[in-house]
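This report concerns only the one structure given below.
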Amino acid sequence: MAAKISDKELLKVIDRYMDADKICKQTDLKLKTLQARVGRLIYKNLIQNSSQIKGLYKPKPKIVRMSQNAIIIPKARIEDTDFKIGDMFKVTCEDDRIILSRL
29 MAAKISDKEL
39 LKVIDRYMDA
49 DKICKQTDLK
59 LKTLQARVGR
69 LIYKNLIQNS
79 SQIKGLYKPK
89 PKIVRMSQNA
99 IIIPKARIED
109 TDFKIGDMFK
119 VTCEDDRIIL
129 SRL
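Next up, the structure:
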């Protein structure tokens, strides 16, 4: 169960970190709860621009899809990696997973 935190304390944590993942970890809040609390703080005019909080409204990652000739991985799932267009991969199967290893 999440620890209770006052609006004043939450504002201090938000000002200090400005990153949703760090704020959630620090306050033991889930992202959905943090989004709701930030919405309430905006309504009370205690936060002016919530878009500056990194990762607060990140899009849900799309699932990996498969077609007859391809495995389609959304760009959002691999943005933070060093993969590049044109990279070649070896495909292996282990248990219930498909593993792509760069050549």
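Its first residue numbered 29, the sequence shown is counted upward by one per residue in our numbering. Ideal Cβ placement from N, Cα and C applies to all residues, glycine included.
The straight-line gap separating the alpha-carbon atoms of Leu131 and Ile75 is approximately 48 Å. By the criterion of at least three beta-carbon pairs nearer than 8 Å, the stretch 31-50 is in contact with the stretch 63-82. The way I'd put it, the stretch 46-62 doesn't touch the stretch 88-107; fewer than three beta-carbon pairs between them come closer than 8 Å. A direct Cα-to-Cα measurement between Thr61 and Lys103 gives close to 27 Å.
At a cut-off of 3 residues, the continuous stretches assigned as beta strand (DSSP E) that sit fully inside the stretch 69-125 are 117-122. Judged by their CB atoms, Ser79 and Tyr71 are not nearer to each other than the 9 Å cut-off. For Arg125 and Met116, the gap between their C-alpha atoms comes out near 19 Å.
In the DSSP assignment, Ser34 is bridged to no other residue. Just so you know, the alpha carbons of Lys82 and Asp47 end up roughly 5 Å apart. The alpha-carbon of Arg44 is positioned some 15 Å away from that of Ile33.
Relative to Lys118, the option among Ile99, Asn73 and Ser95 whose CA is nearest is Ile99.
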